[in-house]
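Position one of the sequence shown corresponds to residue 55 (my numbering), numbered consecutively onward. Each residue gets a CB set at the ideal place from its N, CA and C atoms; glycine is no exception. Keep in mind that this is a model prediction, so the values were computed, not measured. Let me begin by presenting the structure, written as structure tokens, before commenting on it.
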Amino acid sequence: MNRICCVYVVIFLTVILTAGIITVVIHQTQITPPPQTPTPTATPTANPTTINPPTTTPNPTVASPTPEPTPSSPVQYTYIVVKTYPHDTAAFTQGLIYDNGFLFESTGGFGVSSLRRVDLETGTVLQQYNLPNYFCEGLTLVGDTLIQLTWQSQIGFVYDKETFTLIGNFSYPTEGWGLTFDGNRLIMSDGSSKLLFLDPLTYQKTGEVNVLDGDKPITNINELEYINGDIYANIWMSQKIAIINPQTGQVKGWLDLTGINPQPITNPDSVLNGIAYDQETGRLFVTGKNWSYLYQIEIKPIS
Ligand SMILES: [Ca+2]
């Protein structure tokens, strides 16, 4: 019996010892994972960072190439004549604007330069201020004052719009060609490829932009008209009007007016010049130096 008891005791102890070892092993194996747990926790955090970028990064890379090549070639426009009005053939048109039912016109030429108020329907000159000693050029309206440039005299004149009373003048260092107003700045051309920006009160230059079609400078920029954020510009001795982005100077469109004037060309200087815009109705008017007619036109892209 004692021997049997001893055997049982030994078996019992062996079982307990074995169970103890197994428990320790199991315990150790269960403990091991926790230190690994932080690693997996870190992995999920890394996953979003690696997943997100692919979705966001490719988009800009795909999107930017599309807008960047925007220096696209200018849109080509043609015209439709909506209405024809009489125009004084003695008017060597250098500046033209429309305001409240009237055209205001600056005419050039030595001895015959003038500032005029013209009835749109009849072409009749209703009011005129002569400047025989100057060769007048661009014209624009700032509030109730008319601003007129001269070609090479480097002087500009300021008039009361109603009375044509000369109320001031200013000087500038370049030639004077075209003039318009964007509501904040005077925009002036001087025959080069530049548009000059002037303060409308002090007439001091505040900036300039080079007019380019792609990378080609466009020179001889003449009469101007600011229309809905763009500058429409006659190009001297050309049948085309450039539509220019004032911020970049890029030509965004070309309006070809070839054939609009049926008059036989007897004077080579009698070229297309003069753009006016009626902001209230959106009417666009064009004419030329000594032309018999002024045209209201609509423009449309050439398809
Ligand atoms: Ca104009």
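When the Cα atoms are used, what is the spatial distance from residue i to residue j?
i: glycine 210; j: asparagine 223; result: 5 Å
i: serine 167; j: glycine 237; result: 27 Å
i: proline 300; j: lysine 248; result: 11 Å
i: serine 225; j: tyrosine 133; result: 37 Å
i: glutamine 333; j: phenylalanine 251; result: 22 Å
i: valine 129; j: tryptophan 308; result: 6 Å
i: asparagine 264; j: serine 246; result: 9 Å
i: alanine 144; j: valine 136; result: 24 Å
i: glycine 163; j: glutamate 279; result: 21 Å
i: tyrosine 347; j: threonine 176; result: 10 Å
i: aspartate 253; j: leucine 150; result: 21 Å
i: proline 316; j: tryptophan 345; result: 10 Å
i: valine 305; j: isoleucine 295; result: 10 Å
i: valine 179; j: serine 126; result: 43 Å
i: isoleucine 285; j: aspartate 267; result: 14 Å
i: glutamate 352; j: isoleucine 241; result: 24 Å
i: arginine 337; j: glycine 328; result: 14 Å
i: leucine 169; j: serine 357; result: 40 Å
Should residue i be labelled buried (16 or more other beta-carbon atoms within 10 Å of its own) or exposed?
i: phenylalanine 235; result: buried
i: methionine 291; result: exposed
i: glycine 393; result: Given a span of 55 to 357 for the chain in the structure shown, any question on residue 393 remains unanswerable.
i: threonine 335; result: exposed
i: glycine 283; result: exposed
i: proline 355; result: exposed
i: isoleucine 221; result: exposed
i: glycine 155; result: exposed
i: glycine 197; result: exposed
i: leucine 255; result: exposed
i: glutamate 159; result: buried
i: asparagine 288; result: buried
i: aspartate 214; result: exposed
Segments assigned beta strand (DSSP E), at least 3 residues, entirely inside the segment 164 to 211: 168 to 173, 179 to 184, 190 to 196 and 199 to 204
Does the segment 255 to 273 come close enough to the segment 319 to 326 to have 3 or more Cβ pairs within less than 8 Å? no
Which complete alpha helix (DSSP H) runs does the segment 288 to 352 hold, if anything under 4 residues is left out? Within the segment 288 to 352, no run of alpha helix (DSSP H) reaches 4 residues while sitting entirely inside it.
Within the segment 126 to 157, note down every full beta strand (DSSP E) run reaching 3 residues or more, in order along the chain. 129 to 140 and 147 to 153
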